[in-house]
Amino acid sequence: MNILCTIYLISFIGFSIIARECAASCYFPAEMQGVYVTQSTISGVDVVYSQINITSDLITIWGNCHRRIGNNIILMMASLEDEEEDTTCYRCFHITLVTKNIVRVYTTMEYMAKCFTNEDKAIMSCPTETSLRDPEEHTEIILF
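With mature numbering (1 follows the signal peptide of the UniProt record, and there is no 0) as the guide, the letters of the sequence shown map in order to residues -24 to -1, 1 to 120.
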């Protein structure tokens, strides 16, 4: 996690205090950024390729980097449909760089259908080291 801080020097009569204001930012490393494709099979016959772009803080179609917990990334996507109601969507993805141009992504089986409106619930859905060993418990997506 990258921490950005602004340092303030506050002077009182005869005293000086240094104060810091910090904010954490979530980002993807430069080695992971780029344009990838993934393939899927529709109705068991046709192979379809989808393009996915990873920028410094965004994975297109999945959302903005909200929080990193090791290799687990909480991605956030806000709905633009209803500004009066908070319809922010949080999802957890386990992302690893396999080689220079291959990224492996793990997420829950229902990752596209399930959206959490609470960050804590999304964190609880993150793949664990144990669940990563069991292909029944997650969906694997290869970006190349």
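Even for Gly, the Cβ is constructed at its ideal location relative to N, Cα and C.
Legend entry - residue 30 burial status per 10 Å Cβ neighbour count (16 or more: buried): buried
Inset, instruction - Would you kindly check if the distance between the Cβ of residue 44 and the Cβ of residue 91 is under 8 Å? - result: no
Legend entry - Proximity winner among 24, 26, 49, 85, relative to residue 127 (alpha-carbon distances): With the chain running from -24 to 120 in the structure shown, residue 127 is simply not present.
Inset, instruction - State whether the stretch 93 to 103 contacts the stretch 5 to 13, with contact taken as three or more CB pairs (one from each stretch) at a distance under 8 Å. - result: no
Legend entry - Where the alpha helix (DSSP H) through residue 16 begins and ends: Per DSSP, residue 16 is not a residue of any alpha helix (DSSP H); the beta strand (DSSP E) it occupies stretches across 10 to 18.
Inset, instruction - Could you tell me which residues DSSP puts in a beta bridge with residue 119? - result: Answer by DSSP bridge pairing, in chain order: 79.
Inset, instruction - From the DSSP output, in three-state form, read off residue 37 for me. - result: Of the three classes helix, strand and coil, the one that applies to residue 37 here is coil, per DSSP.
Legend entry - Three-state class that DSSP yields for residue 52 in the structure shown: strand
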